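Presented below is the structure to which this report refers.
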Amino acid sequence: MKKFNIRKVLDGLTAAAAASSSSSSSAQPGQRPPDNDIVETLCSEHFQLCKTVRHGFPYQPSAMAFDPVQKILAIGTQSGSLRLFGRPGVECYCQHDSAAGVIQLQFLINEGALVSALADDTLHLWNLRQKRPAILHSLKFNKERITFCHLPFQSKWLYVGTERGNVHIVNVESFTLSGYVIMWNKAIELSSKTHPGLIVHISDNPMDEGKLLIGFESGTLVLWDLKSKKGEYRYSYDEAIHSVAWHHEGKQFVCSHSDGSLTIWNVKSPIRPAQIITPHGKLPKDGKKPEPCKPILKVEYRTCKSGDPFIIFSGGLSYDTVGRRPCLTVMHGKSTAVLEMDYPIVDFLTLCETPYPSDFQEPHAVVVLLEKDLVVVDLGQNGYPIFENPYPLDIHESPVTCCEYFADCPVDLIPALYSVGAKQKRQGYSKKEWPINGGNWGLGTQSYPEIIITGHADGSLKFWDASAITLQVLYKMKTSKVFEKSRNKEEKPNTDIVDEDPYAIQIISWCPESRMLCVAGVSAHVIVYKFSKQEMTTEVIQMLEIRLHYEINDLESPDTDQVLSVGTSCQGSNSQTANSQSHPSTSSTSSDGLRDNVPCLKIKSTPLKQGAGYQAEVVIQLVWVNGEPPQQITSLAVNSSYGLLVFGNCNGIAMVDYIQKTVLLNLGTIELYGSNDPYQRQPKSPRKTRQASGGLCDINEGSTALDDRCKSPTSGSASSCNSEDEQKMPNFIEKVKYKSRKFSKTIVSDIAKMSRKLSLPTELKPDLDVRDNSFSRSRSSSVTSIDKESREAITALHFCETYTRKADTCTSPCLWVGTTLGTVLVIVLNLPSGGEQRLTQPVIVSPSGTILRLKGGILRLAFLDTTGSLILPAHEPWREPNLQEEKDDKDKCRKLRPVSVSPSSSQEISETQYAVICSEKQAKVISLPSQNCIYKHNITETSFVLRADIVGLNGSICLACFCANGHIMTFSLPSLRPLLDVNYLPLTDMRIARTFCFTNNGQALYLVSPTEIQRITYSQGTCENLQEMLGELFTPVETPEAPNRGFFKGLFGGGAQSLDREELFGESAAGKPSRSLAQHIPGTGGIEGVKGAASGVAGELARARIALDERGQKLSELEERTAAMLYSADTFSKHAHDVMLKCKDKKWYQF
């Protein structure tokens, strides 16, 4: 029977309905899709959504464990996630369904399994023998809360301590409870009159598995004899216990206490400690007890064959060390080293040479898990240096504020970034190899280069090599180097945009081919960078200051006729006006005392040494205007072929020629419309004509132009009127409208001020989602802030060479501009020829008069040729900028190649292009130069699109969208057929909206937590190959041999005593457990989990048991055969003896 494929049916239905209004509709009545239909190769079978890998430091870590044989590290978090680390490049992420915090982790050493204990009192057994670990068994405790777990090496019985002070025993093979229970009252008997508290420690004596040491919170310890089921020794101390550690010989143990003291006990002397130490306590002169210190949260006692033992602990500092950073103390012989950490210590583990607790441990490193970092200390070198961490765990070194993802980059880009990044490496690390080196790399077939760029709150950028689902830092740079840093509070930057982090990166625009980089910061500043492999010193940093202002006060100005119309070009006097605005006057305050013409940040006046890598070319800053700070930049684009940079905000747009270091364009958004503004009211006096240039006053209620638009609370009035204007209102209705607009303006202004404080991830508040829901239909492209006073902001910018007007017969360089009101405007660029003319003659900029409209704010613009292929913006190839020869070659190249020529402009006149425009609500494909809408698709009605990208996949292209309701969708181009629609991830916080991005080959990513990047794929091919690409955590390794007991220890019983736990804890001896105490839950690992279970720990233990049974049978058969042979030999001996007696006295001749 033929397999039925619903996706093919859906493809057929959507293709058949391509002309209908739901999936496609013409922009004008009577228009139809073009006759030369483009063959679209993508279909729904090419798409599948799944998570690939997670990078970064585990957010809010809570527990840690290490397998000393497999060399794998596991970290659990407060949100129930698990991160497993092997050798660099081998990582794995797992998540508990309950999302309860992980309180403890225990490896089944060298068995490929892990037990996790959660805060919801469940135990889970993870199978690590598969590339995607799965839960095999779970056990839910109903009546008691889990506080501590202990799994002895090479044992299948897990000890579980509870809040009530009882110890239960779990069989990890079947994940069921044993009937053997150690009750708290039986353990302490008469040694204490009160409840000893919850259990904080369980461990067996290294030399005698039958003796279990149980530590209670109150300070009581019990050495429990498992065979006799009674307490052998009881130890009591006045201070609460936090942790316990054994000496490997089993004769001593050390406890850490809440007063900062350590007590060392001899096992057979329970009356008082053998020694009491307060390592950081001040000893009084009168010989009394030292002053109490902070609690020692954990202690480890490690021995060496040659040398003194190590006592390592966290905490215990004196209370008078206010402001001192958290410390790890290493006591070795007479020396005590205090290692300061950058963050609070969550847990630490000592890495030893042997997994056997009864042998000399020989510690060689300490893994310290901090709240926001992972540190490994080398114990084998003087000074205890740390290892250089090869994992990408420093993504959050400064909070991430934006992200960009580039797949299929030029092949020489990663080596170039790596070579300049290698010069930035710090010195002083340990020379030894990274000690966590378990697992094997995957055999991925993905070979294309991938780069991730992260922008941070401190103004830094990091370039990451993300090829083949790995992540490695390539290069770091600091944009704040070009600014003067304030030395005291009085020299605070002149900005009210943000209270902290004035250098935070908001937008990144990068051209991988030319290596041109442009960044926009939160203080309304833009920096252009060029890439160089050579160091240089910049004597004077080039700076431009732009006065980009929404001039609503010009309503009162009599010079209303001096408005730049659409028909005039921005050259000559207008260009000079823009340039003069870019240089501030010497006065920093206006006549009325308001701050004016002052940038938010101060540029360095001293020479700046710039290392190899990205070097600042020019800095552009928006300035204060009449006491109002500049608005944050909402869009940014750079083009290396044109030598132009453009950016916009809620006030308007500015264009800069970074080759000539001049401002070409400085206009308010409304001035881009000129006389073609579709929202302009009919003026009632000559003074009102300026109103359109200064601000958007009304939106023509009842106009047919708004029928195709989405109403938004932010689309109200943006201009203010004085009391005289209010008195001139002709009737009562207009007065009501005016009052409502004024009220709306006040509310939006308040929210805008509030949103500016919430613009960085370090300041996200839980109530942010509630506030954003009321503006879910806002046409603002930046979800991180609401445009001040509901002005029309610039949200999308795209340089291209295309048809700018309907009558054009050839393409020309231009800039397409998208706004929050769904308008697309086209600006024509007239570029001079290459060489010297490009350096001296001005670029002429003029509006084309072309206006297109969509529902919702514009997010993305792109262009296709007649074959449906993506037309990439023109770009210059990269050349070393700091060599004179290269500069000359670059000028020659500019002379030889006219700037206005591109592959698209060599087409015949009859051929066309297609403009792809995506907004927050819909997508349109418009034929050029006719400007007819040939395809239209309404993406969402109830939500809005947060991110849209035109991406390449399987040799074709598609439109990928991420909506605020969590849906990820893809559409074919140019027909906009829906190919994928998955409800993946609801918008839980603004971090996801700020950092979500798509790229080529079906890849995407977002910041899932403040410290972690989650990568996903929407490609079916990548999903199928993902299993091969992932690394293997478990590798078959032989368990090290047990320590040699020696002749005398074996003779006199001084070695480690084994225990038959099966005999003690099995159902035959211990009886059945209480059914109501815990509930067994089968794992949900799926088919692979079942396969893994077969080869996992349970299967291995079962096979081992079967093998033992078979061995026993063979031994019994051998014993029977031996007995039979012995009987035969005895019979033969008897017969031989009888024959000998019979023939003894006979002569030879008598036979």
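In our numbering, the protein residues as written are 12 to 1162. Beta carbons: idealized from backbone N, C-alpha and C, even for Gly. Just so you know, these numbers come straight off a predicted model, no measurement behind them.
Taking the beta carbon of Pro513 as the centre, do at least 16 other beta carbons fall within 10 Å, making it buried, or is it exposed? The residue labelled residue 513 in the question sits at position 502 within the sequence shown. When all chains shown are included, Pro513 counts as buried.
Taking its Cβ as the centre, do 16 or more other Cβ atoms sit within 10 Å of Gln632, making it buried, or is it exposed? On the sequence shown, position 621 is the one that residue 632 refers to. So Gln632 ends up on the buried side.
Would you mind giving the Cβ-Cβ distance between Thr1022 and His407, rounded to the nearest angstrom? I have them listed as a contact below 8 angstroms. The count along the sequence shown starts at 1 and reaches residue 1022 at position 1011. The count along the sequence shown starts at 1 and reaches residue 407 at position 396. The pair is a contact, with the Cβ atoms about 4 angstroms apart (cut-off 8 angstroms).
Sequence ranges, beta strand (DSSP E) only - wholly within the segment 90-125, length at least 3: 92-96, 102-106, 113-119
Could you give the C-beta distance for Gly645 and Ile664, rounded to a whole number, given that I count them as a contact under 8 angstroms? As a first step, residue 645 is located in the sequence shown; it is residue number 634 there, counting from the start. As a first step, residue 664 is located in the sequence shown; it is residue number 653 there, counting from the start. The residue asked about is misnamed: residue 645 is Thr in this sequence, not Gly. With a Cβ gap of about 10 angstroms, Thr645 and Ile664 do not count as contacting.
Beta-carbon separation of Ser491 and Cys611 under 9 angstroms? Start at 1 with the first residue of the sequence shown, and residue 491 comes out as number 480. Start at 1 with the first residue of the sequence shown, and residue 611 comes out as number 600. Going by C-beta atoms, Ser491 is not nearer than 9 angstroms to Cys611.
Going by DSSP, what residue range makes up the alpha helix (DSSP H) through Lys197? Locating residue 197 in the sequence shown gives position 186, where the first residue counts as 1. Residues 195-199.
Taking a contact to mean a Cβ-Cβ separation below 9 angstroms, would you say Thr1187 touches Gly659 in this structure? Because the chain here runs from 12 to 1162, residue 1187 falls outside it and cannot be looked at.
Buried or exposed for Gln848, please, with buried defined as at least 16 other CB atoms from any protein chain shown within 10 angstroms of its CB. Looking up residue 848 in the sequence shown gives position 837. That one is exposed.
Should Pro1048 be labelled buried (16 or more other beta-carbon atoms within 10 Å of its own) or exposed? Taking the first residue of the sequence shown as position 1, residue 1048 is located at position 1037. The sequence given here places Val at residue 1048; Pro does not occur at that position. Exposed, by the Cβ-count rule.
How far does the alpha helix (DSSP H) with Gly176 in it reach, from first residue to last? Mapped onto the sequence shown, residue 176 falls at position 165. Element bounds for Gly176: n/a, residue is neither H nor E.
Indicate whether Cys661 and Arg802 have their beta-carbon atoms separated by less than 9 angstroms. Within the sequence shown, the letter at position 650 stands for residue 661. Within the sequence shown, the letter at position 791 stands for residue 802. Yes, the pair counts as a contact, with Cβ atoms nearer than the cut-off.
Quick one: what's got a C-beta closer than 6 angstroms to Ile518's C-beta in the same chain, skipping five residues either side? On the sequence shown, position 507 is the one that residue 518 refers to. Taken in chain order, the residues that qualify are Ala531, Leu647.
Under 9 angstroms, do Arg175 and Val1019 count as touching if we go by C-beta distance? The count along the sequence shown starts at 1 and reaches residue 175 at position 164. The count along the sequence shown starts at 1 and reaches residue 1019 at position 1008. Contact flag unset, no.
Cα-Cα separation between Thr878 and Arg890, rounded to whole angstroms: Position 867 of the sequence shown holds residue 878. Position 879 of the sequence shown holds residue 890. Each residue's alpha carbon lies about 32 angstroms from the other.
In angstroms, rounded to a whole number, what distance separates the CA positions of His375 and Pro301? Locating residue 375 in the sequence shown gives position 364, counting from the first residue. Locating residue 301 in the sequence shown gives position 290, counting from the first residue. Distance between the alpha carbons of His375 and Pro301: 32 angstroms.
Can the beta-carbon of Val837 be found less than 9 angstroms from the beta-carbon of Val828? Here the question's residue 837 lines up with position 826 in the sequence shown. Here the question's residue 828 lines up with position 817 in the sequence shown. Yes.
Whose C-beta lies closer than 8 angstroms to the C-beta of Glu550 among residues of the same chain, with five residues either side of it excluded? For the purposes of this step, residue 550 is identified with residue 539 of the sequence shown, where counting begins at 1. The answer, listed in chain order, is Pro618.
Could you tell me whether the segment 382-401 touches the segment 429-445, where touching means 3 or more Cβ pairs closer than 8 angstroms? yes
Please report the straight-line C-alpha distance between Lys672 and Gln553, rounded to a whole angstrom. As a working note, residue 672 is residue 661 in the sequence shown. As a working note, residue 553 is residue 542 in the sequence shown. Rounded to whole angstroms, Lys672 to Gln553 spans 8 angstroms at the Cα level.
Given a cut-off of 9 angstroms on the beta-carbon distance, is the pair Ser317 and Val255 in contact? Residue numbering aside, residue 317 sits at position 306 when the sequence shown is read from its first letter. Residue numbering aside, residue 255 sits at position 244 when the sequence shown is read from its first letter. Result no, Cβ atoms of Ser317 and Val255 do not sit closer than 9 angstroms.
Taking only the alpha-carbon atoms, compute the straight-line gap between Gly261 and Glu461 and give it to the nearest angstrom. Start at 1 with the first residue of the sequence shown, and residue 261 comes out as number 250. Start at 1 with the first residue of the sequence shown, and residue 461 comes out as number 450. If you take the alpha carbons of Gly261 and Glu461, they lie about 54 angstroms apart.
Taking the beta carbon of Ser586 as the centre, do at least 16 other beta carbons fall within 10 Å, making it buried, or is it exposed? Mapped onto the sequence shown, residue 586 falls at position 575. At Ser586 the pLDDT is 36, less than 50, meaning the model places this residue with poor confidence and gives no usable figure here.
Bridge partners for Cys821 per DSSP, in chain order? Residue 821 sits at position 810 when you count from the first residue of the sequence shown. Looking at the DSSP assignment, Cys821 forms no beta bridge with any residue, so it has no partner.
In whole angstroms, what separates the C-alpha of Asp981 from that of Phe1007? Mapped onto the sequence shown, residue 981 falls at position 970. Mapped onto the sequence shown, residue 1007 falls at position 996. One detail in the question is off: residue 981 reads as Thr in this sequence, not Asp. Rounded to the nearest angstrom, the two C-alpha atoms are 15 angstroms apart.
Report yes if the CB atom of Ser325 is closer than 9 angstroms to the CB atom of Cys338, and no otherwise. Against the sequence shown, residue 325 aligns to sequence position 314. Against the sequence shown, residue 338 aligns to sequence position 327. Yes; because the gap between Cβ atoms is below 9 angstroms, this pair is in contact.
Given Leu454, which residues of its chain have a CB within under 7 angstroms of its CB, disregarding the five upstream and five downstream residues? Position 443 of the sequence shown, counted from the start, is the residue given in the question as residue 454. Correct list, in chain order: Glu1039.
By Cβ distance below 7 angstroms, which residues in the same chain neighbour Ala1080 in space, the five residues on each side in sequence not counted? Here residue 1080 is taken as the residue at index 1069 of the sequence shown, counted from 1. Here the set comprises Glu1074.
May I have the straight-line CA-CA distance separating Val636 from His560, to the nearest angstrom? Residue mapping note: residue 636 aligns to position 625 of the sequence shown, counting from 1. Residue mapping note: residue 560 aligns to position 549 of the sequence shown, counting from 1. Cα to Cα, the separation comes out at about 7 angstroms.
So, with DSSP's three-state summary, where would you put Tyr925? Numbered from 1 along the sequence shown, position 914 holds the residue referred to as residue 925. Tyr925 falls in the strand class under three-state DSSP.
Here's the rule I'm using: 16 or more other beta-carbon atoms within 10 Å means buried, otherwise exposed. How should Gly966 be labelled? Along the sequence shown, one-based indexing puts residue 966 at 955. Result: exposed.
Helix, strand or coil, according to DSSP, for Leu294 in the structure here? Position 283 of the sequence shown holds residue 294. Coil, per DSSP.
Which of the three DSSP states is assigned to Ile950 in this structure? For the purposes of this step, residue 950 is taken as residue 939 along the sequence shown, with counting starting at 1. Coil.
Can you give me the start and stop residues for the beta strand (DSSP E) that Cys413 sits inside? Working through the sequence shown from its first residue, we reach residue 413 at position 402. Element bounds for Cys413: 411-418.
Met1151: buried (16+ other C-beta within 10 angstroms of its C-beta) or exposed? Within the sequence shown, residue 1151 is the residue found at index 1140, counting from 1. Counting Cβ neighbours within 10 Å, Met1151 comes out exposed, since fewer than 16 surround it.
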